[in-house]
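J.:
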Amino acid sequence: MKTDAQLKADVTDELAWDPAINATNVGVMVKDGVVTLAGHLDSFAEKHAVERAVRRVAGVRGIALDLDVKLSSEHQRSDSEIAQAATAALGLNSLVPAGKVKVEVEDGWVTLTGEVDWGYQFASAEQCIRPLAGVRGLFNKITVKPRVQSKDIAAQITAALTRQATREARNIGIEVEGGVVTLSGKVHSMAEHDAAMGVAFSAHGVSHVVDHLQVVG
Numbered sequence: 006m007k008t009d010a011q012l013k014a015d016v017t018d019e020l021a022w023d024p025a026i027n028a029t030n031v032g033v034m035v036k037d038g039v040v041t042l043a044g045h046l047d048s049f050a051e052k053h054a055v056e057r058a059v060r061r062v063a064g065v066r067g068i069a070l071d072l073d074v075k076l077s078s079e080h081q082r083s084d085s086e087i088a089q090a091a092t093a094a095l096g097l098n099s100l101v102p103a104g105k106v107k108v109e110v111e112d113g114w115v116t117l118t119g120e121v122d123w124g125y126q127f128a129s130a131e132q133c134i135r136p137l138a139g140v141r142g143l144f145n146k147i148t149v150k151p152r153v154q155s156k157d158i159a160a161q162i163t164a165a166l167t168r169q170a171t172r173e174a175r176n177i178g179i180e181v182e183g184g185v186v187t188l189s190g191k192v193h194s195m196a197e198h199d200a201a202m203g204v205a206f207s208a209h210g211v212s213h214v215v216d217h218l219q220v221v222g
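Heads up: the sequence shown begins at 6 in the numbering used here, then just goes up one per residue.
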């Protein structure tokens, strides 16, 4: 187990190593393995890059983001321009079903609504928006259409976790009710946590995943 001081040093080094991040704008605090990030960033894409970088660090048990996006002058756009760019980006992404996702923008915050058939379509729509200039934040309110449940959905998720070499696959509890899957148990890293959540969300019939996983480091 890393001490909080060791973990802080690793997180700080990882942020400095990532070329998409200006690490001087990010303050790092660690307590009991939970990393709190504070500061002001130039773009929403950088905020996502910061979170992604911290998740790569072994020993991180949780992340608290206290990061504000204060757009630099070259990134500023009107809400109308952002809405047009977001609509175009969604339309050009072959993984997002045409006409299924609507965009609203207020003060640089983008809200996505609509209904799609699969979890990957939900995630792909969000990925379209993150790098756009002018975006300060994102609310993804897209719903995934419930599909017919297979009786062995929990077994399918367990098999997928095992195929992908998720170390704690056998120790992850999986409960299914309607289109909702609840994951519980303990994993050893944020990477294992994210892998388990991703696998569950990709399964047939899953419209929502409830996260009761603990990262124990």
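Positions of the beta carbon are idealized from the N, C-alpha and C atoms, including for glycine.
Go to D37, then tell me how far its alpha helix (DSSP H) extends in each direction, as first and last residue.
T.: Neither: D37 is in no alpha helix (DSSP H) and is coded neither H nor E.
J.: Please classify V221 as buried or exposed, where buried requires at least 16 neighbouring CB atoms within 10 angstroms.
T.: exposed
J.: Residues in its own chain within less than 8 angstroms of L46 by CB, not counting five upstream and five downstream?
T.: N27, N30, V31, K52, V55, L72, D73, V74 and K75
J.: Under a Cβ-count criterion, where at least 16 other Cβ atoms within 10 Å of its own Cβ denotes burial, should D216 be classed as buried or exposed?
T.: exposed
J.: Do you know how far the Cα of Q169 is from the Cα of A94?
T.: 31 angstroms
J.: Go through the stretch 51-125 residue by residue and report every complete run of the beta strand (DSSP E) that reaches 3 residues or more, in order.
T.: 67-74, 106-111 and 114-121
J.: Does the distance from the C-beta atom of L143 to that of I87 stay below 8 angstroms?
T.: no
J.: Kindly indicate which three-state DSSP category Q169 falls into: helix, strand or coil?
T.: coil
J.: Kindly indicate which three-state DSSP category S48 falls into: helix, strand or coil?
T.: coil
J.: So, for M34: in the same chain, excluding its five sequence neighbours on each side, which residues have a beta-carbon less than 6 angstroms away from its beta-carbon?
T.: T41
J.: Can you give me the start and stop residues for the alpha helix (DSSP H) that T187 sits inside?
T.: It is not in any alpha helix (DSSP H) - T187 instead sits in the beta strand (DSSP E) that spans V185 to V192.
J.: Enumerate in chain order the residues of its own chain whose CB-to-CB distance from T116 is below 7 angstroms, with the five nearest sequence positions on each side excluded.
T.: For T116, where only same-chain residues beyond five positions count, the Cβ hits under 7 angstroms are E109, F144 and K146.
J.: Please classify M195 as buried or exposed, where buried requires at least 16 other C-beta atoms within 10 Å of its C-beta.
T.: buried
J.: Please identify the residue among T17, A58, K7 and L218 whose C-alpha is closest to the C-alpha of V186.
T.: Per the Cα distances, L218.
J.: Just confirm the distance between the C-beta atoms of V91 and I134, as a whole number of angstroms; I'd bet it's less than 8 angstroms.
T.: The amino acid occupying residue 91 in the given sequence is Ala; Val does not appear at that position. About 6 angstroms separates the two Cβ atoms, so the contact holds.
J.: Take the Cβ of G183 as the centre, count every other Cβ of all protein chains shown within 10 Å, and call the residue buried at 16 or more, exposed below.
T.: Flag for G183 reads exposed.
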